[in-house]
Each structure stands twice: as C-alpha cells, then as structure tokens.
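Just below is one structure, and these are the notes that go with it.
Protein chains in written order, with my numbering: chain A, 1 to 632; chain B, 1 to 585.
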C-alpha cells in the first residue's frame, strides 16, 4: 500500500484544511452521525475506565496494603471487594473499547467504499476533456493515496484525537486542582516540546519533499529504461544506463536517509523532553513543598508527578496526528474537487429505438431488427415522430477549439450520404481525429451545426448517439478479461456464436484459436502479450459485434499487414453495406476506394472528392500520392 | 534468499550493526528511568529530602541525555542502514537487468521489472528498518522486564510468563489467519485499482460504447466485495483487542491481589510491587511490537522473493571465452536455423531458414502479421540464440563474437523503437558517444531527419520528452534510423522502421543508403511493397518459413504471396501519407 506523500503542512494548508474538514465531517455525519455518537460515548467510557485503573494502583497501596501492614490486619475481604469492583470497571472499559473499534471498522470501511463508489460513478460521467487535462497518474492517486490516507485518518486519527483531547482535559483539570504553579511549569515544558517538534517536523518536511522528488526521478528513470531495455541492449548502452541510474539512486539515498532520520528522532526527543519535564517538576515541586509554598504537600506532589507523566504522552500523540490530518485533508480536498467537476451535460431527448417497417410506416419494437429509428418527441404539438436511421451526416460550417484561444477546426462543411465511405487524410495535428470526436460529441462544437439524419446532434441523447456509432481507435484499449469478454464489450448480450462470427469477420479467429486457451484466454489489462496488429483485429471484432449503423475507423488498421487488412476490409464492407463509414488513415490502400476523401490541413478541408477526382485536380493529394511537386 | 539479500547491505554493515546497539542502550535507559522516577518519589518527595530529589533528578537527567543520544543515534543509523540497503538493492537489480538478454526481459516483462525495482524495494526497506530498530528493541525490553520481574519475585513473575505465552500463541494463530485474509484483500485491492486505471486510460472506449453504467456496476460489485473482505479481516484484528486488554488487566489485578498477600506476609515491599506493575506494560507492549514486526515481515516476504528472482536470474546470452573482437565484413549466413521463443512451444517461430546474404547487399523482407520477420533479423545481432542451426556474420558463428563488438557492427532499428528523454543530439549519440555534431547532422541527412529538426526552435538541442512523445511517429522513426546509422555498422537492419514515414521520404532514405553507405549490408523489413521493391533481393516469409527469394520482378512472376501483397497495395500508385507531418510541401 502506498504510504508516500508524507509532506508536512504549511500555514495555507491549515486554512484550506479547515474548510475541507468541515465539509468532510458534514459528509461523514450525514451517513455515520449515529455511529460517531456511539463511538464518542464509548471512548469516554474507555478513558474513564483506564483512569480509574491508574488510580487504583495508588489506592491499592495507600488504602489497602499500607493500612494492613500498619495495623497488622489479616482481612483481605475489602481488597477482594475493591479488586472485583475494578475488574468490573475494566470489563466495561474493554467492552467500550471493543465496541468503538468495531464500529470504526464499519465506519471507516463504509466511508471508503462510499467515497470510492461515488468517485468512480462520477468519474465515468465526466467529459473526455477532463481526462485530457488531468494526468492519469494523478486521477489514480485519488483512489490509492488519497482514499487510503483518508481512511486511516477516520479510523485512527479521529478516535485518537478524541481520546487524547479527553485525556488532556481531564488531566489538566486534575493538575490545576493540585497545583497551579506546577501546572504552569508543565505547560511551559509542553510549549518547548511543541516548539522542538515543529522544528524537527519542518526539517523532516524539507527532506520528505526532496525524497518525493527524488523518488519520482528514480521511478521515472526506471520506467523509461525498463520500457526501452531492448533498445539499450541493441546500442550496448548498458554501462551508460547504469551510470545514470546510480547517480539518481545516490541522490535518493541522501534524501531518504535525511527524511527518515528526522522522522526517527522525533519520538526519542519527545520522550526524553518528557523526562526532563518530570525532573524539573520534581525539583521545583520539592522545593515548594519543603518551603510550604502555595499549599503543596508531598502527597500532592507525588500525584502531580504521575499526572505529569500521563500528560506528555497524549501531547506528542496529538502533535503527530495533526500533521497526518492536514495531509489527509489535502487528499480529501482533491477528492472533493473531482466530485465537484461538472459531469457531461446531456439535454438530448431524441432516442434511438429498434424499429420495423410496415408498409412505409415506421413503428417502434422490442427486438433487434437491424432497423433503427430516431424517436423524436415534439413538445409543440405533443407528438412523436420516428425517423429511419440512415447515417446521413452533415457538417455545416463547424468551428471547434479545445480551448477558446486556439481554434483547431475552421469552417468544416461536408455531407456524408447514407452508405458512403468518407476518408480523412492529412498530417498529424490537421484535425482528422477531432472531426470524428465531434460526431459522437466527445467534444462540443464552438460554432456551426452537425446534423445526423437531419436532426441536430445536440438534440440526440448522448448515449443513443454513441450507440449508433461504432468507433475503432488507433491505440487499441483492451480490458482485463478473456478474449471473448473483450469482443463482447461491443454488445453485452452477444452469444458465443456471434462472438466467433465477429472474430472471423475481423480475421482474428485464426490467431485467437492459437492462443493457449482460445477465446477464454485471459488478457492482462493492456493486452501485453498480443502484437499491436492482433489488438487492432480484436478492436475491429468488438466494433463488428456492436453492428453499428455508422462506423468510424481511426487508423484502425495501421498495424495490420495489407493482405490481412484487405480481408478485414472486405468483411467490414459487407457488414457496413448501405451504412456510413468514416475512415482516418495514412495508408493509401486503406482509403483509395472511398466515396469521398477529405484532405485536411491545419484544421481546414483543403480538397475533397474521390480518388480519381483528386488526382485530376493535381493539388495536395496528387502531391502526396505521387511524391511529385506541382508548380502551382 | 536471505543470504543473497543480506549481501546487499555492503558498506552499511556498520550502520546495520550500530542501530540495534543504540536501540539496546535506549532500552536500558528506558528501564532505568522508571526506577529513578520511583526513587525520586520514595526517597525524595515522600521523605521530604530535597538533596535526594536533586541527586536522583541529576541522575535522571543524565539518563535522559543518554537515552536521547541513543535514540537519536539509533534513529540516524537505522535510517542510513535502511536507505542504504534500498539503494544497493536497486543498484544491484538495475545492473543485473542490464546483463539480461531479450529472452530474460521477455520472461519478466518490463512492467513487472518496474514494480520489483520500486514497490518491492520500498517494502523491503521499511521491513528492514523495522527489524533493525524494533526487532532489537522489543525482545530486549521483553527479556529485561522479564528478568527484572523474576529477580523481584519469581512467584509473581510466573504470572507474566504464562500470560506472555498464552498471548504469543494466540497472536501467532491470529496473525497467520489474518495474514492469509489480508493477502487476498491486498490482491483484490490491487485488482480494483487496476480496473480504475483501465477505465481512465480506456475512457474513450467506455464512452464510445456507452458502457459507463456497465463499468460502474462492475466497479461497485468489486468495491462491495473488497468491503466485505476488509471488514472480515479487520473484525478479526479488532477481536484481538479485548483479549489483549483483558490479559493486561488480568495480570495487573492478579499481581495486585497476590502482591498484597506477599507484602502482608513480608515477602515483598510496596516499591517492588509498583515496579512489577510497571514491567507489566513493558512486557505486553513488546509482545505487541513483535507481532507487528511479524506481520510486516511476512508481508514483505513476497517482495523479497521477487527481488531475489531478479538478482539470481542467469542471463541466457553472455560473452564467450576468448571472443572475436572484429567483424570482418557484412556478410550473413543462416544455415538450417530453427527458433522457438519458448522451450515448450510445439510450433517453431522459425523453421529451417537457410539464406546467404553478401556483404553490401540490400535485402527486403516481407510477410504477414506474425510471419516471424522480426524474429529472423533478431538472430543476426544475437538478441536471441537460434535453437538449431547456425547464424554467421562475417563468416563466423555469432556466438563466437564479443557481444558489444557484434552489436556495434550489426545495428538494428527495432519495430517498437524508443527515444529517451534528453536532447536530439543526446539521443543520436546513443549510436556513437564520440560522434561530432557534424557527424550527427550527416546521419540525420541520410535519414531525412535534418529537414524537420532544423525547423524546430531549438534545432538539434530540442529536448525529447520521455518516450519521444513530442515528436510525431514519422519523425521518431527517422531519428531512430539516424541513431542507428551513426554507429557506422557493417550491417544495418530496419525492422518496419519507415511505416509512419510517407512514401516519398521513404524512397529518399533508401536512395541515400544506396549512394552514401554502399558497403553496408542493409536489411529492410516492411509492409509496403514500395519499401522493398528496389532491393537486390526480397525474402518472402510465411509462417516462419522462407516462401520465396528473388528480385521484385522474379517474385511478382513466381511467388503467389508476393503477388497478392502487391495487388492489395496497387491499383495505381503505392504512395502513403506521412503519418508524422507533411514533409514536402
């Protein structure tokens, strides 16, 4: 379990913590208020039981043993009675401690589960933009580091703080009753302890952040070299790699050593300062008692010393917990930030339904018919119309920008007729992928209109819009699970036969059967054991089984050899017959037979037409295609 | 395993030894101070003796000072020993991995090597520090407290002994049960996090297929599962608490009761009873600490095993005795070569490959996905060893060469080529650390990389991000080719290294090869016919066997597979766009 991020707090962090803390407690009490009430009561009972136990040790000697010795009595029954009573209190204490710890297990695990679930369901609803602008490692650490520190805080810090606070208050009151001057001295020593602790924490904070930085460097280097290990070997670069690594590694050693050193000496320093405080009280108190100052008696001094001892412990505990709580609050703040992110908005109301056609009229039906329709409710006259899904896509003067300062697509206008194959070509960054991301509304356009079967796509419910579009991306993402699971991701209720049929269509059946367990072979999360070509074939099978009315292939065959690609393409073509396909590719053999090829440059469509028309034009496409420069 | 790992303590042996020593000194002070405290009260405060208070107080201050010194030194040495141990482990593993062959790397996978170098080392570092600091402290304080108790009153001390034994057995049983549960829990926990990671990186797929609800319910189910397992494990741990506390309290009460009898009977003094009660806490605290170490250590055993695996892995390829230090020329021979990645594989990846390549010849290799094109060329620079048959370079068995000599002369541009963080020049100099800037520029010209580099704001000093993410695919490939050329090899192998480069640039690169480095043997693996059609000879691979060898025209006439590939790509021109950027505008 990661236990990094051991930073010490700054002043601003304290202020921020307060606000987050208030929110966190509101959250916790909303679900676990009663539990916490019970925990609070149990803690007090257990502290009291413990205190009476400590007191008993004194009364044992003063009230029972000494009198018996002095008076020479031989009657143990009062002692037995006292011990039984104490045992009873102890039993109650144990029960209380057990109860609150048990409750805390449910509370801390419950909060953890609830937060985790809320985080995940909320994350799934966030727009793609969120994932573009946040490093994946950072999002991950919400689930690992942050929730974990938070759970530890809830389960350990809170009860301990309550416990310590209660102990400190009760001990302080007792001390004040015994002697005010000595209490003041104790407080001064506590001040010294806190001062030293803060100083040491400061030092250790400095080195801890240095350590975090060095860990990041070392891990980054490890990651880089391990993933490029084969290249290192090919260039006989082993010695140089070792040399680099050693220097990073040595730096990490220095900071790790220092950080741990200061963390380690915190405890002994606190403990010994406590002992010094004890001696000072003994000497000062002794002097006062002997001179009869402020009514201090020797008996009182003896009791005071016991209290002094039990005072130092919770103080150093609290000072350690404070750091931890501030750390946990920083995590809680990050978690709340994610929960506060606005989810993808969806005002769409046009839905996609299975349909059947009876003598020209389209009606909705339950079963999958291969025919889809847009169910369009018109508020104006309270009527519902059904439009047959055809795959007619129109871009009307569309502009788009990822951020307002920089428009990446300008005046995109195009019309894809049902059943056409539309290709986008152009250099990296020309905006090919962006266009397809607008059709499925991963991003929303800045200006212009996109119409799908003559319906503005903003009116279509996002889920239904996306369900009508099959997308195969260049970087194939596989999920951990079997090969069959991964194909079935396209349509969850697909039968085994359908899975195999889809794999055959994608020409993936052959290699899948050669895997150790065929379709039941378990793939690791990134499908590491498969070649990138094989992964692409699986992604195509996944899209094929979804059997979408419109298909978007974004460099989906770039790692597949051309012969296999042709087989796959034939399969896809027959599947997509009469349906619209968008293709992005840099390989000409992939796009040559398209009905329309759009050449993109710097976010604009500079040419469009079919292969022959574009060659005729002798423009950019011709240039790229023939490698010849045309004097324009 | 322990001996192998302990060997890595090396120069920190002194620190590793001093830590427990200082911890023992701290324990001694910890034991002394309560005695002094009792004495301040008994002989000073209660008796009203100010001089006793001062004297004992003075001793106590000295004890506190020694305790402070011991604690600080123990903390310091402990930190140094454990941080040093971790450093040495990382260093040793890293160096070991550098000796690994491709087969070794395949066996571990880079992801698992990364975990071993990071998480596993941290686990071991923490356990080691625990063992050094608390491992000495807890038993020492247990033994001292026990001995003192026996010294004071053997009869009463027996109570502790029984209690300690019962508790020890109880904890052993409990720990071994909970350890199993916790192991499962942590595995489930890792799986849960893996699924989160999967969802973050695959969010586009999730959204494209509208699987948000599906993923969420899958996640909730897993989270519920984890919740119940955690509850089960932690309930057991919490259940341990009443037993422990009950034991402590029972001891206190039993000692009080029996102690009172002994005192009245004159066999024990009050002061002794107080000390006995103080030791009670010491004994039980030490037991708790020990059980904690036990848990920590058992949990890190898995990490220790995984680290040892790396440290003891034997590289499958190593330098021969009396190696050849020179490669005569760039001729290559495959003689009845078979190859399998895995001893258990029934099917060979390469079967009966026999081929002679003259020095300076240009060879194209073509074949479908999975036809073992890469495998074949990887045998030339001995990245893998052939299973049967012989591979020769410059007329000599590759196994006779010094590895570095061979690999410097046979330069491979791998299919999954990687750039490293650093400037473009730094990256190029991987090929030849001594190369001048002019040589670097020259190599880039050959690889047609100079045009785009010169357009970059910082030119050849442009900083490449980790993994080369700030250059496009086509640019990355050209840089990798330049890097390989810079090594001035006798054999240059391009493993599908121009797939993202547009056709015209691809042709330019090949032309440069022909004109500038005619003496170098060039092997080009490609999916595009146009990349290999002008080669001296083309090898068609199918299912790990050579299906045909010949010139473009010969194969077109006589090889069905070749013709098929050709037809799949033609119908006019065979040009492709540059994936990386319009290069000739």
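Beta carbons are placed, not taken as given, at the ideal position from N, Cα and C, and that holds for glycine. The structure displayed is predicted, hence computed values, not measured ones.
- DSSP, reduced to helix, strand and coil, places residue 325(B) outside both helices and strands of the structure shown, so it counts as coil.
- In the three-state reduction of the DSSP assignment, residue 507(B) falls in the helix class.
- Below the 8 Å Cβ cutoff, chain A contributes no neighbours of residue 531(B), its closest Cβ being approximately 12 Å away.
- Straight through space, the alpha carbons of residue 247(B) and residue 90(A) are spaced by roughly 11 Å.
- At least one CB of chain A lies nearer than 7 Å to the CB of residue 200(B).
- Following the DSSP letters along the chain, one finds residue 403(A) inside the beta strand (DSSP E) bounded by residues 393-403.
- With a minimum length of 4 residues, the unbroken runs of alpha helix (DSSP H) contained wholly in the segment 541-580 of chain A fall at 562-575.
- Comparing C-alpha distances from residue 163(B) to each of 183(B), 280(B) and 72(B) shows the shortest one belongs to 280(B).
- In this structure, the alpha-carbon of residue 237(A) lies about 15 Å from that of residue 489(B).
- In the three-state reduction of the DSSP assignment, residue 385(A) falls in the strand class.
- Within 10 angstroms of the beta-carbon of residue 243(A) lie fewer than 16 other beta-carbons, which makes it exposed.
- When C-beta distances to chain A are compared with 9 Å, every residue of the segment 305-320 of chain B stays at or above that value.
- The segment 359-374 of chain B makes no contact with the segment 385-393 of chain B; the number of CB pairs closer than 8 Å stays below 3.
- Around the beta carbon of residue 4(B), fewer than 16 other beta carbons sit within 10 angstroms, so the residue counts as exposed.
- For residue 372(B), same chain residues with a beta-carbon under 7 Å away, outside a window of 5 residues either side, are 349, 350, 541 and 544 in chain order.
- Under the three-state reduction of DSSP, residue 407(A) is assigned to strand.
- Proximity of chain B to residue 463(A) at the Cβ level (cut-off 7 Å) is accounted for by 210, in chain order.
- Membership of residue 301(B) in the alpha helix (DSSP H) is indicated by the continuous run 270-312.
- Closer than 7 Å at the C-beta level to chain A, one finds these residues of the segment 232-246 of chain B: 234, 235, 238, 241, 242, 245 and 246.
- Bridge partners of residue 374(A) according to DSSP: 352(A) and 387(A).
- By the neighbour-count criterion, in which 16 or more other beta carbons inside 10 Å mark a residue as buried, residue 188(A) falls on the exposed side.
- For the segment 238-249 of chain A, the residues whose beta carbon sits under 7 Å from a beta carbon of chain B are, in order, 238, 241, 242, 245, 246 and 249.
- Counting only the Cα atoms, residue 344(A) lies some 6 Å from residue 125(A).
- No Cβ of chain A is located within less than 7 Å of the beta carbon of residue 512(B).
- In its chain, beyond the 5 residues on either side, 119, 334, 335 and 338 have a beta carbon closer than 7 Å to the beta carbon of residue 142(A).
- In this structure residue 211(A) is in contact with residue 256(A), their Cβ atoms being roughly 5 Å apart against a cut-off of 8 Å.
- Residue burial annotation: residue 520(A) is exposed, with fewer than 16 other C-beta atoms found within 10 angstroms of its C-beta.
- Around the beta carbon of residue 68(A), 16 or more other beta carbons lie within 10 angstroms, which makes this residue buried.
- Of the candidates 185(B), 429(B), 16(B) and 283(B), 283(B) places its Cα closest to the Cα of residue 139(B).
- For residue 143(A), the C-beta contacts it makes with chain B under 7 Å involve 193 and 196, in order along the chain.
- In its chain, beyond the 5 residues on either side, 520 and 522 have a beta carbon closer than 6 Å to the beta carbon of residue 482(A).
- Contact with chain A is absent for residue 279(B), since none of that chain's Cβ atoms lies less than 7 Å from the residue's Cβ.
- The alpha-carbon of residue 73(A) is positioned some 14 Å away from that of residue 62(A).
- Distance from residue 101(B) to residue 380(B) at the Cβ level is roughly 15 Å; contact not present, criterion being Cβ atoms closer than 8 Å.
- With its beta carbon less than 7 Å from one in chain B, residue 260(A) belongs to the interface.
- Here residue 277(A) has 189 as same chain residues with Cβ atoms under 6 Å from its own Cβ, once five neighbours each way along the sequence are excluded.
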